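Asker: Before I ask anything, let me first share the structure, which is written out below as structure tokens.
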Amino acid sequence: MRPLLAACRSVLGPAHPLTLHVHVDFAAGHSAVGQTAIAILMLHDVTNTGLHYYGPYHPARYLIAAHAHSFLTLVDPEQAQSVYDFPLKSLVERQEADLPSSLRQARRTIRESLGMDAS
Numbered sequence: 000m001r002p003l004l005a006a007c008r009s010v011l012g013p014a015h016p017l018t019l020h021v022h023v024d025f026a027a028g029h030s031a032v033g034q035t036a037i038a039i040l041m042l043h044d045v046t047n048t049g050l051h052y053y054g055p056y057h058p059a060r061y062l063i064a065a066h067a068h069s070f071l072t073l074v075d076p077e078q079a080q081s082v083y084d085f086p087l088k089s090l091v092e093r094q095e096a097d098l099p100s101s102l103r104q105a106r107r108t109i110r111e112s113l114g115m116d117a118s
């Protein structure tokens with residue numbers, strides 16, 4: 000994963016959505032080998048990077064947070080709840096019709112991954 004992450008950073012940039020998703024997977028790998036504390040810090044860093052670089056109407060902001068949230072639920076439910084409370088809750092608990100069209104597919108995807116909607 001390290002060479003893939005380095006290539007993404009080099010070619011796409013450190014805040015590109017694909018780079019951040021690869022970074023989430025890289026962090027999850029740390030957890031898989033017993034480095035849970037490092038994984039949690041990395042997942043929060045990636046989430047915060049997505050929040051910083053992508054505004055409230057950009058789907059990447061929420062999809063990156065949801066990806067990190069999925070791994071945090073396995074290693075630290077309290078931290079996962081924190082990511083759910085902000086920023087995910089503001090998206091998934093709103094009615095789709097109340098959202099800009101740019102966020103509707105992201106909302107559907109995240110709600111399905113959280114088990115909120117039947118697939």
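Numbers 0 to 118, taken from numbering that gives the first Met the number 0, label the letters of the sequence shown in order. Don't be surprised by glycine CBs; every beta carbon is placed ideally from N, CA and C. No experiment lies behind these values; they were computed from the predicted model shown.
Can you check whether the CB of His-20 is closer than 8 Å to the CB of Ile-63?
Answerer: yes
Asker: Assuming Leu-87 and His-57 make a contact with CB atoms under 8 Å, what is their CB distance in whole Å?
Answerer: Actually they do not touch by this definition, with Cβ atoms about 14 Å apart.
Asker: Start and end of the alpha helix (DSSP H) containing His-66?
Answerer: Under the DSSP assignment, His-66 falls in the alpha helix (DSSP H) whose first and last residues are 58–74.
Asker: Report yes if the C-beta distance between Met-0 and Gly-33 is below 8 Å; otherwise report no.
Answerer: For Met-0 and Gly-33, no; Cβs fall outside 8 Å.
Asker: Would you say the region 38–50 touches the region 0–11, given that touching needs at least three Cβ pairs under 8 Å?
Answerer: no
Asker: Return the first residue and the last residue of the alpha helix (DSSP H) that His-51 is part of.
Answerer: 35–52
Asker: Secondary structure at Val-32, three-state DSSP: helix, strand or coil?
Answerer: coil
Asker: Beta-carbon within less than 7 Å of Gly-49's beta-carbon, same chain only, minus the 5 sequence neighbours each way: which residues are those?
Answerer: Leu-19, Ala-59, Arg-60, Ile-63, Ala-64
Asker: What whole-angstrom Cβ distance do Arg-70 and Val-23 have, given they're in contact under 8 Å?
Answerer: The sequence as given places Phe at residue 70; Arg does not occur at that position. About 7 Å; that satisfies the 8 Å criterion.
Asker: With a threshold of 16 other CB atoms inside 10 Å of the CB of Ser-153, please say whether the residue is buried or exposed.
Answerer: Summary: the structure shown does not reach residue 153, with the chain confined to residues 0 through 118, and so no result is reported for it.
Asker: Count the other CB atoms, across all protein chains shown, that sit within 10 Å of the CB of Ile-37; report buried if there are 16 or more and exposed otherwise.
Answerer: exposed
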